[in-house]
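Novice: Heads up, the sequence shown is in the numbering used here, so the first residue is 1 and it goes up one at a time. Backbone N, C-alpha and C define an ideal beta-carbon position, used for all residues, glycine too. Everything numeric in this text was worked out from a predicted model, so none of it was measured. Can you keep this structure in mind? I'll have questions shortly.
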Amino acid sequence: MLRRTSAYLDLVSSSCLRSTEANLSLFAILRVSVFAAALLALAAPVAVAAEKVAAGKLQWAPCPDVKGAQCAGIVVPVDAEKPKGPTFRLRLGRVTATDPARRKGVLVILPGGPGVGIQGELGSGHSQTARLRQVFDVVTFDPRGIGRSSPIRCAPNAVPKAPAPSSTPPTRAQFNAIMSRNAVLFRSCFQLSGALMGHLSAIDTAADVEQIRRALTPNEGLRAYGGSYGSLYGEMYLERYPTHVKALVLDGLVDHSINQPTDVFRTVLAVNDSFRRFSAWCTSTAPCALHGKNVAGVFDDIVRKAPVTRIAVPQMFAAGKNPDVGWPAIAKMMAEMSRGDMTTLNALTKAASAGRGSAAEDPQLLAGKNGLYAGVVCADFGPENNYDALMPMGKSAMREAPRFAWKYWDWTPLAHSTSGALDCTGWSRPPTNPPRTLRVGRHTNVMVASSRYDPATSFTNALSVHHQIPGSAFLIFEGDGHQSFFQSNCALEAMIRFWKDPHAVDSTTVCHSER
């Protein structure tokens, strides 16, 4: 690890902003983004009296669907502004500290997605959780509308068929068809899910996080990690409950000061950056399965043979140089495909399909996974129903990164595990949590963290949010992949020091690649 002064940050910030804002200047009037759609584990909603549960102690018991974790529930209002109105049960999950003598308290993980819950955060068995448990009880939750926290329901016959990604923008007729089909789905979700469908924004989840804090550590501030879409939950919590933050790390940032198409355009550029870095790595690294090959030519050739490759490869970029699912695995898969062997690609496609659900699931809950994603994102960023306003960005995406412009025009986030400017096409309601610059004052108990080359959440997002939170610390992992928390032991250890004592970490921390 290497720590530097703010001069390093100024240099990185200015160079990054110069390279991106020239492309973004046309889109200053547009609004924000979303990220990879997640896989849900859903169950029927439960409603009980809020006062009875909130006033009592949490009743922890083994989670039926997450091995080794304990679950409990608290009751929260559907609308935080109407605490005596309708309620639902929010499910919490935890794994306790492995060494009680070293335990420093509770760390809350704010799930990403939107769509990830307890299963995704505690059921994956990743090494980061094991490290955190040496110091903290690790707690997370099924956010509202997800998992066993009153999951969203939609009509199965209203779910649009997933179209293939395109290398060209849709025509006006295609755009209108998307808008019409999505509107039918969204209406069915409101009809079957009731008031909760209209209260899925990050502000609503931030209010739930405050209820969690009060249930877990009522006499302490919140110590938390928010990565990917979870970063927006953290940002909204900071805005709404600034005095309740003890130590908050935001990683893989959502920038709520811009619109969804602008963020997706940043993502297209970031993915294109990752592709160039991956190609250069293969050129200079003998163990790369594509060493000595024209990587761009191989990619273009296999995309013609199997268009789904245009989806799979950018998603795998999120793993950085992880040998099992990152750059080495991508090179191996592409080399196999260039020889006509589709085994690895087919396995990935099958796994992704299985993760989206099975025929055994309640059809309304299965359809609800599509509605939940839109319900969160559209509440935070609003509808995108103006074809003429979107066209300039589509043309720019094609010009700047033609191989990956599909990410901008894609409107099936759950099917493709991605995000697109058309996700909220057909949404008819104004945003309940509209994009804006964060309304926060100076706060030294916040750390903003990012990989320098994050293909899922642009580094520009992190720079922007850091500047919106005066006094915040900044951590840069000078490497590749989504969320520095997963990519760098140096970053993870710096975060742990920050959670123990925010003043024990320098204002700028730089971690270098360990692979």
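Which same chain residues, not among the five before or five after M197, have their C-beta less than 8 Å away from its C-beta?
Specialist: Here the set comprises G145, I152, C189, F190, G371 and G375.
Novice: Pick out whichever of V303, V108 and A491 has its Cα sitting closest to the Cα of T217.
Specialist: For T217, the nearest C-alpha among the options comes from V108.
Novice: Who pairs with P62 in a beta bridge, going by DSSP?
Specialist: Q70, per the DSSP bridge assignment.
Novice: In chain order, what residues of the same chain have a beta carbon less than 7 Å from the beta carbon of M342, not counting five sequence neighbours either side?
Specialist: Hits under 7 Å: A306.
Novice: Where does the unbroken alpha helix (DSSP H) through S279 begin, and where does it stop?
Specialist: Segment Q260 to S284, the alpha helix (DSSP H) holding S279.
Novice: When you compare each of D480, K84 and A504 to S556 by their alpha carbons, which one comes out closest?
Specialist: What is shown of the chain runs 1 to 515, which leaves residue 556 out entirely.
Novice: Counting C-beta neighbours from all protein chains within 10 Å, is the total for A247 16 or more, i.e. buried, or is it exposed?
Specialist: The residue in question, A247, is buried, as its Cβ has 16 or more Cβ neighbours within 10 Å.
Novice: Confirm, please, whether the CB-CB distance from F498 to V249 is below 9 Å.
Specialist: In this structure, F498 lies closer than 9 Å to V249 by Cβ.
Novice: How should T243 be labelled, buried or exposed, when 16 other C-beta atoms within 10 angstroms of its C-beta is the threshold for buried?
Specialist: Exposed.
Novice: Roughly how many angstroms lie between the CA atoms of R277 and A61, to the nearest whole one?
Specialist: Between R277 and A61, the C-alpha separation is close to 47 Å.
Novice: Do you know offhand how far A367's Cα is from A158's?
Specialist: If you take the alpha carbons of A367 and A158, they lie about 8 Å apart.
Novice: Let me make sure I understand the geometry here. Which of V135, V139, G115 and P114 has the alpha-carbon closest to that of L122?
Specialist: Among V135, V139, G115 and P114, the Cα nearest to that of L122 is on V139.
Novice: Hey, could you find the ends of the beta strand (DSSP E) Y453 is sitting in?
Specialist: Note, Y453: beta strand (DSSP E), V446 to Y453.
Novice: Can you give me the C-alpha to C-alpha distance between P363 and Y237, rounded to a whole angstrom?
Specialist: Taking the straight line from one Cα to the other gives about 34 Å.
Novice: Nearest to L475 by CA position, among D454, A130, D506 and R436, is which residue?
Specialist: Answer by Cα proximity: D506.
Novice: Report the three-state DSSP secondary structure of D519 (helix, strand or coil).
Specialist: Residue 519 cannot be examined here, being either before or after the span of the chain that is shown, 1 to 515.
Novice: Flag this pair as yes or no: are the beta carbons of V75 and L90 separated by less than 9 Å?
Specialist: Result yes, Cβ atoms of V75 and L90 sit closer than 9 Å.
Novice: To the nearest angstrom, report how far apart T516 and M337 are at their CA atoms.
Specialist: This structure does not reach residue 516, given that the chain is present from 1 up to 515, and the question cannot be answered.
Novice: Quick one: grab the DSSP three-state call for L253.
Specialist: Looking at L253 - three-state DSSP - the assignment turns out to be coil, as it is neither helix nor strand.
Novice: Consult DSSP for P516 and reduce its assignment to one of helix, strand or coil.
Specialist: No answer is possible for residue 516: the residues shown for the chain start at 1 and end at 515.
Novice: Where does E239 fall in DSSP's three states?
Specialist: Note: E239 maps to helix in three-state DSSP.
Novice: Quick one: Cα of L42 to Cα of T425, how far?
Specialist: With a pLDDT of 27 at L42, under the threshold of 50, the modelled position of that residue is not reliable, and no figure is offered here.
Novice: Checking 9 Å against the spacing of the C-beta atoms, do W427 and N385 come in under that value?
Specialist: Taking 9 Å as the Cβ cut-off, W427 and N385 qualify as a contacting pair.
Novice: Give the DSSP-derived three-state secondary structure of I118 in the structure shown.
Specialist: Helix at I118.
Novice: How big is the Cα-Cα spacing for R429 and L422?
Specialist: One C-alpha to the other measures close to 15 Å.
Novice: What residues in its chain sit with their C-beta under 6 Å from that of A207, if we drop five residues either side in the sequence?
Specialist: Here the set comprises A80.
Novice: When you compare only the Cα positions, how much space is there between P261 and T171?
Specialist: Approximately 17 Å between the Cα atoms of the pair.
Novice: Enumerate in chain order the residues of its own chain whose CB-to-CB distance from P156 is below 6 Å, with the five nearest sequence positions on each side excluded.
Specialist: Result list for P156: P363 and A367, in chain order.
Novice: Please report the distance separating the alpha-carbon of C71 from that of C63.
Specialist: When rounded, the distance between both Cα atoms is 5 Å.
Novice: What would DSSP say about G123, mapped onto helix, strand or coil?
Specialist: Of the three classes helix, strand and coil, the one that applies to G123 here is coil, per DSSP.
Novice: Who are the near neighbours of R240 in its chain, counting only those whose CB is closer than 6 Å to its CB and skipping five residues on each side?
Specialist: Around R240: A206.
Novice: Going straight from the alpha carbon of H517 to that of F299, what length do you get?
Specialist: The structure shown does not extend to residue 517, since the chain is modelled only from 1 through 515, so no value can be given for it.
Novice: Does DSSP put G227 in a helix, a strand or coil?
Specialist: It is a strand residue.
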